[in-house]
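Asker: Got a structure here, written out as structure tokens. Questions coming.
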Amino acid sequence: MNKAELVNEVHKLLGDGTSRAAAERACDTVLQAIRRGLKRDAEVHLVGFGTFSVAQRTARKGFNPHTRQPMKIPAMKLVRFKAGSSLRGLR
């Protein structure tokens, strides 16, 4: 599912009383709130859904797959997600 499909699904769930633009604003607002929470607290817990957290990846050595030349991959922060209880049984 991409963002447009997510917006359409939210629009369907909200019903005929809301516009597609309102559904898009709602999705954007939730994503922005998660982003802000990760920047501020480094974790966002959504009970039953899951937990978003910020992890630090250390610098490491790698290679360019095209030239096979060794290179240094810098340290970086990345977002991790651990599924909550309501998502674990999905298949």
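The sequence shown: position 55 = 60 (my numbering), numbered continuously. We put the beta carbon where it would ideally sit given N, CA and C, even for glycine. These numbers were taken from a predicted model, which means no experiment stands behind them.
1. Mapping DSSP to helix, strand and coil, what is G67?
2. Assign V35 to one of two classes, buried (16 or more other C-beta atoms within 10 Å of its C-beta) or exposed (fewer than that).
3. From the DSSP output, read off the bridge partner residues of K77.
4. Give me whichever residues DSSP pairs with S58 in a beta bridge.
5. Out of curiosity, what's the CA-to-CA distance linking L43 and E10?
6. Compute the minimum distance between the beta carbon of F54 and the heavy atoms of the ligand ATP, and state whether it is under 7 Å.
7. Given a cut-off of 8 Å, decide if R85 and A60 are closer than it, judged by their beta-carbon atoms.
Answerer: For this structure:
1. strand
2. exposed
3. K66
4. E48, R85
5. 24 Å
6. In the structure shown, the ligand ATP is absent, as is every other ligand, since no ligand is present at all.
7. yes
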